[in-house]
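Scroll down for the structure; my scribbles are underneath it.
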Amino acid sequence: MKTGLFWIGGKHAVLSAIKNPKRKINKLIITQENQKDFDPKNFSKRIIIEIKDKKEIDKIFTSENIVHQGVAAEIENIPTIELKEYLKNKNNSKNTVVVLDDITDQRNIGSIIRSCSAFDIDGIILLEKNYNPKNKMMYKSASGAMEIVNIIPVSNITNALEVLKKNNYWVYGLDGHAKENIEDQKWSNQNAFVFGSEGEGLRRLVKENCDHVIKIDINKEIESLNVSNAVSVTLGIFRLLDKKN
């Protein structure tokens, strides 16, 4: 895993990092207007705080179009968890994970992390080559959810699906051309939803290793949803149907 310090921006992302006992905060830079929201008396850890104007904070994010809201934190990576360790911790309890098949856009990954957190999904499996733990845009899009969701990088998605199935997970691949509808499914105690990239969709071997390939029923004139929207809709439908079962 990549190590070292890096910067994140935005109130939600920074506050969540501060609240996370596992996260080391090296430095916090805020504008004068944000002093009330970032009172060190409210922090459980000692943090170096610097007051600077917005233009100084802008310089930290010169290469990214990030609305930092006058807040930036220099933080340290948290080690990711391996898939087998994650599953061992779950100990066959009721659980659902999201699997990202070759999704590379960091803004989308951040939005997906945020959606997973919103629907109480605490595990996301993705290719390690596509995961950049220092990406500022991903942190901003996740809006604090990076501190909540377990990120599980793997070298091979197909192998990861095989591990999931050996641990009694039913694997559902999302594909707009599938014959099965998400609303017609009956869920198990352990489920995995697999999403492909917007350009290619699910790769052949990944699709072949899914127990079911399902679709979201949308307007026939619309070819597909943005992948982060598809994740949100899928998890919302799953939650509603799971409560009824």
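The sequence shown begins at 105 in the numbering used here and counts up one residue at a time.
Here a beta-carbon is modelled for each residue, glycine too, at the ideal position from N, C-alpha and C.
Between the C-alpha atoms of ILE152 and LEU278 there is a straight-line separation of about 45 Å. Here ASN333 is actually not in contact with ASN272; their C-beta atoms are around 29 Å apart, not less than 8 Å. Assigned with DSSP and collapsed to three states, ALA176 falls in strand. With fewer than 16 neighbouring CB atoms inside 10 Å of its own CB, GLN139 falls in the exposed class.
Membership of PHE110 in any alpha helix (DSSP H) is not indicated; the residue belongs instead to the beta strand (DSSP E) covering 109-113. Inter-segment contact for the stretch 293-309 and the stretch 171-188 is absent: fewer than three beta-carbon pairs are separated by less than 8 Å. Counting only the Cα atoms, ASN146 lies some 30 Å from ARG211. THR338 sits in a helix when the DSSP states are folded into three classes.
Apart from sequence neighbours up to five positions away, the residues of its chain that approach GLU137 with a beta-carbon distance below 7 Å are GLY174, ordered along the chain. The beta carbon of SER219 sits closer than 7 Å to the beta carbons of SER332, VAL335, SER336, LEU339 from its chain, once the five residues preceding and following it are set aside; these are given in chain order. When ARG150, ALA296, LYS115 are compared, the shortest CA-CA separation from ASP141 is found for LYS115.
Taking C-beta atoms under 8 Å as the contact rule, ILE256 and ILE217 fail to qualify, at a distance of about 12 Å.
Comparing alpha-carbon positions, the option among LYS233, SER245, ILE252 lying closest to VAL171 turns out to be SER245. LYS198 carries a coil assignment under DSSP once its states are collapsed to helix, strand and coil.
Annotated as proximal: LYS149 and ILE129, with beta-carbon spacing under 8 Å.
Taking a cut-off of 8 Å on C-beta distances, the stretch 315-329 touches the stretch 275-289, as three or more cross pairs fall below it.
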